[in-house]
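Q:
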Amino acid sequence: MKILEVRDLSVYFDNTAALENVSFDVEREDSLAIIGPNGAGKTVLFRALLGTVPYQGEIKWAGDARIGYVPQRLTIERALPLTVQEFLNTKLHILRANPSEVKSLLEIVRLQPAILKRPLAKISSGQLQRALIVFALIGNPNVLLFDEPTASVDPSSEEQIYETLHNLEDQRHLTTLIISHDLSLVYRYANKVLCLSGKQLCFGVPQETLSTETLNKLYGAPRKYYEHHHEHGHNHVHN
Amino acid sequence: MSTTTNMAIITFITNNPYYVLLALSTAVAAGILGAFAVMRRMALASDPISHIALPGLGLALLLKINPLIGAAATLLVGALLIWSFEKRTGIATETLIGVVFSLALAIGSIVTSGEELIDALLGNYSNVSPTEFFVGIAVVIAIIAFLLAKRQELTLAILSPDLAKTSGVATDRLNLYFLLAFVATVLLGLRFVGVLLMGSLVIIPAAVAKNLARSMRGMITIGAAVAVASVLAGLAGAIYLHLPTGPAIVTVAAAIFILSLLKKQRD
Chain Y
3 MKILEVRDLS
13 VYFDNTAALE
23 NVSFDVERED
33 SLAIIGPNGA
43 GKTVLFRALL
53 GTVPYQGEIK
63 WAGDARIGYV
73 PQRLTIERAL
83 PLTVQEFLNT
93 KLHILRANPS
103 EVKSLLEIVR
113 LQPAILKRPL
123 AKISSGQLQR
133 ALIVFALIGN
143 PNVLLFDEPT
153 ASVDPSSEEQ
163 IYETLHNLED
173 QRHLTTLIIS
183 HDLSLVYRYA
193 NKVLCLSGKQ
203 LCFGVPQETL
213 STETLNKLYG
223 APRKYYEHHH
233 EHGHNHVHN
Chain A
5 MSTTTNMAII
15 TFITNNPYYV
25 LLALSTAVAA
35 GILGAFAVMR
45 RMALASDPIS
55 HIALPGLGLA
65 LLLKINPLIG
75 AAATLLVGAL
85 LIWSFEKRTG
95 IATETLIGVV
105 FSLALAIGSI
115 VTSGEELIDA
125 LLGNYSNVSP
135 TEFFVGIAVV
145 IAIIAFLLAK
155 RQELTLAILS
165 PDLAKTSGVA
175 TDRLNLYFLL
185 AFVATVLLGL
195 RFVGVLLMGS
205 LVIIPAAVAK
215 NLARSMRGMI
225 TIGAAVAVAS
235 VLAGLAGAIY
245 LHLPTGPAIV
255 TVAAAIFILS
265 LLKKQRD
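Protein sequence lines correspond, in order, to chains Y and A.
As numbered in the working numbering, residues 3 to 241 make up the first sequence, in order.
As numbered in the working numbering, residues 5 to 271 make up the second sequence, in order.
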């Protein structure tokens, strides 16, 4: 059953196309990875899906879709005296969600409750990323949009964040759309992949869709990637 | 302070209770509003917003109608202009306000004359009628109620418009209401602080609060308290030294800001 249908989606800024003629479907509990070089329109696609930029074409979310969104980063002035609790309270209040939700969400992302009293601007980038995941999960969404969830965190936190996301997908039967630069992630966690380079270059099951030719076309140069086979537990390097 | 000075201040309060009460209520609204304005990085934009009142004041004086009605008209047009420019072009509010509304000060200075210009620019002791007082208090209550009821939405919209929109906040409408609350606060404060300095009564207490507070709740509370203290001490100082009210109030606020910097450095 489809939770999202996108048909002929185009986004223009000052008559310049940021995204042209993108069409794809997302089934419930799919994990869709969106890949492409910088400036390929990945974040623009998300913003169109979230309804925060004007677009042409059709975006149809299922009636029961509740969307949680984790942005790539949050620029916060360092002197801003806004605590993590106050940040989370904004969404709790707007959605009239139960405040006790936060405690279990903190456990899921492995954050200590003491962090709630700290200023949002003064926690580490890894902690901020987790706080943003908690924020996205408030109100019990069934679709999560992650814009490069590990772009600003160190490698050890990166692995933990992906594990957390993967566990969440299983536990909460979530549909996830993840923008990522990390091709190994596509093989490990995604069952669908969408390749963007201003326009749509591929869409489908990663193992079938991501040929070397497609990747070369996407990134403009030969690219190594890792293919992970769950059943054998081996990683293969492709050139 | 000498007994004579104390008497002068007490006499002023007794003779002008509406003036003093409305000034203090306006300070509370300005302090709370400032917390959000500072978060929105509107510090530099606040002064030009208050300047837009001047052409309205001047024209109203020429036409011999209540100056506040003229100021309200131009402030309202100004707020709608900022809102629609920002919505359509996505250009930062500060740039737009800086360009359009500094011009308003120039035009306002041309159409307003002599002593009236000084009063409009720097604030004065003019009498507050019972009608003006009750309308003013109603507006103050509306501003404070809006800011407190919508503080979560405002905070989130300032932090990330995308997160706000995906959480169900109608950010365009919220921005318009915020700008209207801003110009209403400026309008209320014109009499006490003047066109030139009203923006400072919004921004300086909030800047103090930002230096001292450890939470948004703290920032709102400290902002309101500093604004009230500045108006109280500023009015007393103005009466004592026979000064225009605006500069006296803003000087007190600025002194508190300098003290808050010392505290911040120690932290």
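Every residue, glycine too, gets a C-beta built ideally from N, C-alpha and C.
So, helix, strand or coil for A/Ala12, using DSSP?
A: Helix at A/Ala12.
Q: Report yes if the C-beta distance between A/Pro248 and A/Asn70 is below 9 Å; otherwise report no.
A: Contact flag unset, no.
Q: Taking the alpha-carbon positions, what's the A/Ile14 to A/Leu28 distance?
A: Using only the alpha carbons, I get a separation of about 16 Å.
Q: Buried or exposed for Y/Asn142, please, with buried defined as at least 16 other CB atoms from any protein chain shown within 10 angstroms of its CB.
A: With fewer than 16 Cβ atoms within 10 Å of its Cβ, Y/Asn142 is classed as exposed.
Q: Using the DSSP secondary-structure output, state which residues sit across from A/Pro21 in a beta bridge.
A: According to DSSP, which records beta bridges pairwise, A/Pro21 is partnered with nothing at all.
Q: Whole angstroms is fine: what's the gap from Y/His234's alpha carbon to Y/Ala133's?
A: With a pLDDT of 40 at Y/His234, under the threshold of 50, the predicted position of this residue should be treated as unreliable, and no value is reported.
Q: Closest Cβ-Cβ distance between A/Met43 and chain Y: below 9 Å?
A: With 9 Å as the cut-off, A/Met43 counts as an interface residue toward chain Y.
Q: For A/Val187, which three-state DSSP category applies?
A: Helix, per DSSP.
Q: Below 9 Å on C-beta distance, what does Y/Leu47 contact in chain A?
A: Simply none; closest approach about 13 Å.
Q: When you compare only the Cα positions, how much space is there between Y/Cys197 and A/Ser264?
A: Each residue's alpha carbon lies about 53 Å from the other.
Q: Is A/Leu160 closer than 9 Å to A/Ala57 when the C-beta atoms are compared?
A: Not in contact: A/Ala57 and A/Leu160 (Cβ atoms no closer than 9 Å).
Q: Kindly identify the DSSP beta-bridge partner or partners of Y/Ala19.
A: Y/Ala19 pairs with Y/Tyr14.
Q: Do you know whose CA, among Y/Leu139, Y/Ile117 and Y/Ala50, lies nearest Y/Glu60's CA?
A: The residue with the shortest Cα to Cα distance from Y/Glu60 is Y/Ala50.
Q: Taking the Cβ atom as the reference point for each residue, do Y/Phe89 and Y/Phe137 lie within a distance shorter than 9 Å?
A: For Y/Phe89 and Y/Phe137, yes; Cβs fall inside 9 Å.
Q: Taking 9 Å as the threshold (C-beta atoms), are A/Asn10 and A/Asn131 in contact?
A: No, Cβ-Cβ distance for A/Asn131 and A/Asn10 is not below 9 Å.
Q: With a 10 Å radius around its C-beta and 16 neighbouring C-beta atoms as the bar for buried, classify A/Ile208 as buried or exposed.
A: Flag for A/Ile208 reads buried.
Q: I'd like to know whether the C-beta atoms of A/Ile111 and A/Pro59 end up nearer to each other than 9 Å.
A: Cβ atoms of A/Ile111 and A/Pro59: closer than 9 Å.
Q: Run through chain A and tell me which residues come within less than 7 Å of Y/Pro39, C-beta to C-beta.
A: Here the premise fails: no neighbours, minimum Cβ distance about 22 Å.
Q: Flag this pair as yes or no: are the beta carbons of A/Gly250 and A/Val197 separated by less than 9 Å?
A: Going by C-beta atoms, A/Gly250 is nearer than 9 Å to A/Val197.
Q: In this structure, how does DSSP classify Y/Pro121 when only helix, strand and coil are distinguished?
A: Of the three classes helix, strand and coil, the one that applies to Y/Pro121 here is strand, per DSSP.
Q: Between Y/Thr178 and Y/Asn144, how many whole angstroms is the CB-CB distance? I'm expecting something under 8 Å.
A: That belief does not hold up - the Cβ atoms of Y/Thr178 and Y/Asn144 are roughly 10 Å apart, past 8 Å.
Q: Just verifying my parser: in three-state terms, what is the DSSP assignment at A/Tyr129?
A: Looking at A/Tyr129 - three-state DSSP - the assignment turns out to be coil, as it is neither helix nor strand.
Q: How would you list, in chain order, the residues of chain Y whose beta-carbon sits under 9 Å from the beta-carbon of A/Lys68?
A: Within 9 Å Cβ-Cβ: nothing; A/Lys68 doesn't reach chain Y, min ~47 Å.
Q: Rounded to whole angstroms, what's the CA-CA distance from Y/His230 to Y/Leu212? Just pull it up for me.
A: Any answer about Y/His230 is weak, because its pLDDT of 45 lies below 50 and its placement is not dependable; what the coordinates show is given next. Going by the C-alpha atoms only, they are around 13 Å apart.
Q: Check the C-beta distance from A/Leu63 over to A/Gly74 and give it rounded, since I have them as a contact under 8 Å.
A: Right, their Cβ atoms sit about 5 Å apart.
Q: Measure from the alpha carbon of Y/Lys201 to the alpha carbon of each residue in Y/Arg30, Y/Leu113, Y/Ser25 and Y/Ser102, then state which is nearest.
A: Ranking the options by Cα distance to Y/Lys201, first place goes to Y/Ser25.
Q: Give the DSSP-derived three-state secondary structure of Y/Arg9 in the structure shown.
A: Three-state DSSP puts Y/Arg9 in a strand.
Q: Let's test the definition: count the other Cβ atoms within 10 Å of the Cβ of A/Pro134 and tell me whether it reaches 16, buried, or not, exposed.
A: By the neighbour-count rule (16 or more Cβ atoms within 10 Å), A/Pro134 is not buried but exposed.
Q: Are Y/Gly38 and Y/Leu185 close, meaning C-beta to C-beta below 9 Å?
A: No, these two residues do not count as a Cβ contact at 9 Å.
Q: Are any of the Cβ atoms in chain Y nearer than 9 Å to that of A/Gly38?
A: Taking Cβ atoms only, chain Y never reaches closer than 9 Å to A/Gly38, which makes this a no.
Q: With respect to the beta strand (DSSP E) encompassing Y/Ala35, which residues constitute its N-terminal and C-terminal limits?
A: Start and end: Ser33 to Ile37.
Q: Identify the contact partners of A/Asp166 in chain Y, using a Cβ-Cβ distance below 9 Å as the criterion.
A: Near A/Asp166 (Cβ distances below 9 Å), the residues of chain Y are Phe48, Arg49, Leu52, Thr54, Tyr71 and Pro73.
Q: DSSP three-state call for A/Ser106: helix, strand or coil?
A: Correct three-state label for A/Ser106: helix.
Q: Where do the ends of the alpha helix (DSSP H) carrying A/Ile208 lie?
A: It spans Met202 to Leu216 - the alpha helix (DSSP H) in which A/Ile208 sits, taken as one unbroken run.
Q: Got a sec, what are the start and stop residues for the alpha helix (DSSP H) A/Ile226 sits in?
A: Here the alpha helix (DSSP H) through A/Ile226 covers Met220 to Leu245.
Q: Could you name the residues of the same chain whose beta carbon sits closer than 7 Å to that of Y/Asp32, not counting the 5 residues immediately before and after it, in chain order?
A: Counting only Cβ-Cβ distances below 7 Å, and skipping sequence neighbours, we find Thr177, Asn193 and Lys194.
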